[in-house]
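As they're listed, the protein sequences go chains A and B. With the working numbering, letter number 48 in the first sequence gets 48, and the count goes up by one each step, no holes. With the working numbering, letter number 278 in the second sequence gets 278, and the count goes up by one each step, no holes. We treat Cβ as the ideally placed atom computed from N, Cα and C, and that holds for glycine. If you're wondering where the values come from, they're calculated on a predicted model, not measured in any experiment. Beneath this line is the structure, given in structure tokens, with notes to follow.
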Amino acid sequence: MLTLECPYCGVKACETELSPGYEAHLKRFGPGSTPEEFEAYMFARKNPKGVHFERWRHTYGCGKWFLAARCTATLEVFGTYPAQVSGPPPEIIAKIQARRPGWTPDGKATA
Amino acid sequence: MSTRLSKGGRLIDRSAAVEFTFNGKRLKGYQGDTLAAGLLANDQMLVGRSFKYHRPRGIVASGPEEPNALVNLGTGPRLEPNQRTTTTELFDGLEATSQNHWPSLEFDVGVVNNYAARFLPAGFYYKTFIHPRPFWKHVFEPIIRRSAGLGKAPTEGDADHYEQAYAFCDVLVIGGGVAGLLAAKSAASTGQRVILLEQTATLGGRTPVDEALIDGQPVDSWLAAIEGDLRAMDNVTIRTRTCGFGVYDHGYVLADERIADHTPGDGRPRQRLWRIRAGHIVTATGAIERPLSFAGNDIPGVMLAGAVRDYVTNFAVSPGDRTVVVTNNDSAYLTALTLRAAGLEVPAILDARDNAAGPLVEAARAAGIRVLTGRGIAGVKGSKRVTSVAVCTQAGEGAVLEEIACEAVAMSGGWSPVVHLWSHCGGKLTWDDTISAFVPDPARPPLNHDGGAMVTVVGAAAGLLDLDTILEGVAQTGVSTRVETKGRRKEDAKKVVKTTVEIPPVWVMPQGAPIALRNKMWLDYQNDVKVSDVQLAAREGFQSVEHTKRYTTLGMATDQGKLSNINGLAVLADALGEEIPQVGTTTFRPPYMPVTLGTLAGEARGEIFQPLRRTPMHESHEKSGAYFEPVGLWRRPYCFPRAGETHEQAVHREVLNTRSALGLLDASTLGKIIVKGPDAGKFLDMMYTGVMSTLPVGKCRYGLMCNEQGFLSDDGVVARIDENTWLCHTTSGGADRIHAWMEDWLQCEWWDWQVYTANVTEQYAQVAVVGPNARKLLQVLGGMDVSKETLPFMQWADGTLAGFPVRVYRISFSGELSYEIAVPASHGAAFWAACLEAGKALGAMPYGTEALHVMRAEKGFIMIGDETDGTVIPQDLGLDWAISKKKTDFLGKRGQERSYLANPNRWKLVGFETLDGSVIPDGAYVVADGVNANGQRNTQGRVTSTYYSPTLKRGIAMGLLYQGPGRMGEVVECNTVAGGLVKARVCDPVFYDKEGEKQNV
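This is the structure we're talking about:
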């Protein structure tokens, strides 16, 4: 039973108030895309053990979708942020890197 | 024999006698007794039979770890099986019966299994019942089911009620022993909100039994003082009889409060489930004593040494006049001294260690008790109770040195910290060689949302087995119980308090025991798993402790291996030639204690099992005797049967009346979503396969929604309300899902589009007025022009009818002349009544969902969930006309371009008419020649809707068929439940009024 803070209403919401929406920051591929692009959009999910970005909806609260950065192994939550972005904002990345030195958004280790 | 002592008993009230029964026998006890104490006080040593061999079993423990003494408690609507006598408080009128035997506890036929034990080794079922295959279902399983099983499931509904409650705190302390009390006080003194849970009725844990003084004070007065301090603090809540049984993510804890288990029928809820969210959790769950593995260690009268102390000190119950103590550590000497002080005999203490020293050992020697070191038990004599023990050297193979007559054996194989709650959420363990046990590793705690430690362990649960280091340990961890502390700091980890107690490993007694002895050494009492079984599993190649557990059933009983796990995996490690830490433990999963289903269900049972949605007309339907069916959380009338009518007859009448005169349908459950804004048209063009942006104001259009894979997800009629506003009808079950789907795309993908949505499903009641007389009814109601010219098919208009503000949609799901009339929900019941009243002269009858289904099937209209199942695209259903060819994009367009979905050979919608006029059974397949790899008949299609059409007076069906539309007129075969086949001709799915004239008048 996770608790995630809804970035819209500021409530620390228990998982029973939320609906999961799985991986965040997917890029939609519509008509004209190659089979590989469409497959990646539709089916290929990261499922990492570690830092992960997820969509959650505050279903039994304000009804807004938001995004959460958390560790799937330890359940540590690095932060939540509004859904209207195409990638994790810098302050979230900074928070993750403070807790997971060497982690980068593209998965490549820093030198 | 076991009996009540004349003096002592710190928990019992001798002035309050209670009567109870066991297997119908009337017995006497005192208030404060547990049922186990009450049984022992009445010399009821034999309390049950074991699971597999039906061996006689007695009480072993004094707490939740008890594996044997499970009973059926109560009768009738209060019967509950598998209740532990050791945690059941005795009350006047308690009725208990023993389990797992036939015909009686004293004489059990199933005990033949015991003599056949060598034919029932580990993995017996897997090895034996493989061939011949049919025997499993018809011979083996029925016999095993009769001979196995604990207790009997109640057959009546539960007379009690249960409730659930939420609680929040900064620090949750689980366990009300000395360590827990100190931790609670330390946390509370910093102003934090503290909740303290204790599973028994009294605080103090083991200390009042095992110690005389704390901090130089008598234990009882020390406890009274700290309890008084805590109860005086506003920020502290103490809950006794409350077991914290599960630790979950982010400080979430479940606890079971047993409010009225000991006062059944007093009107209070029987149990309460606490759902607690804690900033930090302190587990002070103590330790559980381990049995020793010697031959005959399961005979009634062999008990844990700590339990023997508990019964003597707490309840003044003696297990027997003469008790032999057998141990590998000092704590059992306390039992010998306690028995002596109560005036009972201790013929000998058998200590497996070669050297015994220390204050307790010296005290025992000084008291004149015979202490034999380097000795063990070669075997226990007796069947339904202990008569003597045979002594041997621990180092040898079991040659008997002497036999000592006794009525009880008090054994101690050391103490295992209760690490369950630490481990539930990922806390790691480390092996402690000093006490031969797994202890929580403070460097690897379960983590909280902030990455800090979520749980701190104090007291014996942390491996501190003596009072001095427990006190020291709590004092030192006090700081990390503060919420703001992010985990245990490194410097803290360095000065970990170590216990002074040493417990050398003794896993098998004697260490060189031959198979004849190992065959009688019980590890798991409840599931009848012996040392020899685990060793056999190891020889057969089971190396993982998780596999061995499942193969032997070690630790899989209702006690979940609280006594057996460590002994079992030590035996496994030895057999594999590995170290115990390398073998590891099985996974600890909640609940720590069995929790009754009633508590988990709470109030959600019967009428209020789930919330019900009722339309504004629901009460009227109930009055007219409607038969309801669930549609999502809605309850909708299935039909309105009249006196003497079957449901089927009612449905036929409703269909025929609607087609010939006038039918009224409560369509309020239909989903209604308003989509509004400058970009609403553009948005709906993405959501629907068709074009909605070009829909003129005042008109309606049928639309399909697909998911991104292209599969059909919902359908409904869309009405353009004004320049910027559309009203989207969805299926009754789909409103919430589709609204959420729209919001998902608006919030997460096209967040710059100016659109908002509102789900107004419950704001409107909707009545479908259907049939040749539909227009006449609206004219009788009066108030607006509903003529063909003013309000043609697929248009809508606002106005008033009989004075009600209405919006009238001229749409049809039945093929008849039809108006769907929306009124504000508060007018729904009155408007429905007005329609029924005015319709009397026009032959109006209400109809239900089944008539709706039949009529739509007669017209070949698809139903989401019948014709669709998440693998069907609109093209499969011949709905290509509703898919825009011009639009460059809509949800599902790319998905439908995939080669498999574009394949012309997909199963497609057709109608079926049986040659003999019968109705094809629901769920039938259209069979093809030959069989598949599993020997099942090949298929070429499936029936999706099948009904008797009262209009056509024969069976009609729709279904998906391989290359269907190209096979009109062909005769195919559908299978039936009975096993035969029914022949049907492939036809157009529109069975009635193919030209659509009736709806267009």
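Report the rounded CA-to-CA distance for residue i versus residue j, giving the unit in angstroms.
i, j, result
"residue 681 of chain B", "residue 601 of chain B", "46 Å"
"residue 826 of chain B", "residue 638 of chain B", "23 Å"
"residue 1011 of chain B", "residue 85 of chain A", "The structure shown does not extend to residue 1011 of chain B, since chain B is modelled only from 1 through 1001, so no value can be given for it."
"residue 211 of chain B", "residue 459 of chain B", "15 Å"
"residue 70 of chain A", "residue 181 of chain B", "35 Å"
"residue 326 of chain B", "residue 231 of chain B", "41 Å"
"residue 56 of chain A", "residue 768 of chain B", "38 Å"
"residue 229 of chain B", "residue 565 of chain B", "38 Å"
"residue 393 of chain B", "residue 375 of chain B", "4 Å"
"residue 40 of chain A", "residue 903 of chain B", "22 Å"
"residue 517 of chain B", "residue 389 of chain B", "14 Å"
"residue 262 of chain B", "residue 308 of chain B", "24 Å"
"residue 771 of chain B", "residue 855 of chain B", "11 Å"
"residue 652 of chain B", "residue 928 of chain B", "34 Å"
"residue 976 of chain B", "residue 967 of chain B", "22 Å"
"residue 709 of chain B", "residue 284 of chain B", "52 Å"
"residue 142 of chain B", "residue 136 of chain B", "8 Å"
"residue 464 of chain B", "residue 473 of chain B", "8 Å"
"residue 306 of chain B", "residue 378 of chain B", "22 Å"
Heavy atom of the ligand COA less than 7 Å from the Cβ of residue i, yes or no?
i, result
"residue 233 of chain B", "Annotation note on the ligand COA: not contained in the displayed structure, which lists no ligands."
What does residue i reach in chain D if we use C-beta pairs closer than 9 Å?
i, result
"residue 30 of chain A", "Absent from the structure is chain D; the protein chains it does hold are A and B."
Indicate the three-state DSSP secondary structure (helix, strand or coil) for residue i in the structure shown.
i, result
"residue 162 of chain B", "coil"
"residue 69 of chain B", "coil"
"residue 423 of chain B", "helix"
"residue 532 of chain B", "helix"
"residue 78 of chain A", "strand"
"residue 907 of chain B", "strand"
"residue 962 of chain B", "strand"
"residue 34 of chain A", "coil"
"residue 984 of chain B", "strand"
"residue 847 of chain B", "coil"
"residue 208 of chain B", "helix"
"residue 992 of chain B", "coil"
"residue 748 of chain B", "helix"
"residue 639 of chain B", "strand"
"residue 255 of chain B", "strand"
For the beta strand (DSSP E) holding residue i, just list the boundary residues, first then last.
i, result
"residue 522 of chain B", "522-524"
"residue 28 of chain B", "25-31"
"residue 805 of chain B", "804-809"
"residue 440 of chain B", "437-440"
What residues from chain A crowd round residue i, counting only those whose CB sits closer than 7 Å?
i, result
"residue 749 of chain B", "28"
Can you tell me where the alpha helix (DSSP H) with residue i in it begins and where it stops?
i, result
"residue 329 of chain B", "First-last for residue 329 of chain B: undefined, no H or E at that position."
"residue 583 of chain B", "580-583"
"residue 91 of chain A", "90-99"
"residue 186 of chain B", "178-188"
Give me the chain B residues within the contact set of residue i, using Cβ-Cβ distance strictly less than 7 Å, ordered along the chain.
i, result
"residue 38 of chain A", "894"
"residue 18 of chain A", "Under the 7 Å cutoff, chain B gives no residues; its nearest Cβ is about 12 Å from residue 18 of chain A."
"residue 99 of chain A", "451"
"residue 74 of chain A", "447, 451"
Whose Cβ in chain A lies nearer than 9 Å to the Cβ of residue i?
i, result
"residue 743 of chain B", "57, 63, 64, 65"
"residue 897 of chain B", "31, 38"
"residue 252 of chain B", "1, 2, 3, 14, 15"
Given that residue i touches chain B, what residues does it touch there, using C-beta distances under 8 Å?
i, result
"residue 83 of chain A", "747, 748, 751"
Spell out a yes or no on whether the segment 682-700 of chain B and the segment 886-894 of chain B are touching, meaning 3 or more CB-CB pairs, one atom from each, closer than 8 Å. yes
Are three or more beta carbon pairs between the segment 498-505 of chain B and the segment 324-331 of chain B nearer than 8 Å? By the Cβ test, the segment 498-505 of chain B is in contact with the segment 324-331 of chain B, since at least three Cβ pairs between them sit closer than 8 Å.
Between the segment 386-401 of chain B and the segment 428-437 of chain B, do three or more beta carbon pairs fall short of 8 Å? no
Would the segment 561-577 of chain B and the segment 154-164 of chain B be scored as touching if the rule is three or more Cβ pairs under 8 Å? Counting Cβ pairs under 8 Å, fewer than three are found: no touch.
For the structure I just gave you, are there three or more beta carbon pairs, one from the segment 219-226 of chain B and one from the segment 234-243 of chain B, closer than 8 Å? no
Cβ contact check for the segment 78-98 of chain B and the segment 20-38 of chain B: 3 or more pairs under 8 Å: yes
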